[in-house]
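Novice:
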Amino acid sequence: MNWRDRITSNAYVLDGKPVIDGTRLSVEHVLGLLENGWSEADILECYPKLTPLRRLD
Numbered sequence: 008m009n010w011r012d013r014i015t016s017n018a019y020v021l022d023g024k025p026v027i028d029g030t031r032l033s034v035e036h037v038l039g040l041l042e043n044g045w046s047e048a049d050i051l052e053c054y055p056k057l058t059p060l061r062r063l064d
């Protein structure tokens, strides 16, 4: 699955900000967590609805 398929935008969800598909978790928020030193494991522990990211070749 392409990472672009996991990001959606809807004017009625978070004012149209891009979110992780099936959640109300904004891409901006996830990127902020990564920028602040969170690992993928840390994010998955706090947000169990998310699935692990797959490496894109």
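Quick note: the sequence shown, position 40, residue 47 per my numbering, numbers continuous. All residues carry an ideal CB built from backbone N, CA and C; glycine is no exception. None of the values given here were measured: they were computed from a predicted structure.
(1) Looking at K56 and T30, is the spacing between their C-beta atoms short of 8 Å?
(2) Starting from D49 and walking both ways along the alpha helix (DSSP H), at which residues does that stretch end?
(3) What does a CB cutoff of less than 7 Å around D64 pick up in its chain, not counting 5 residues either side in sequence?
Specialist: This is what the structure gives:
(1) Result yes, Cβ atoms of T30 and K56 sit closer than 8 Å.
(2) First-last of the alpha helix (DSSP H) with D49: 47-53.
(3) Because the pLDDT at D64 is just 38, under 50, the model does not fix this residue reliably, and the point stays unresolved.
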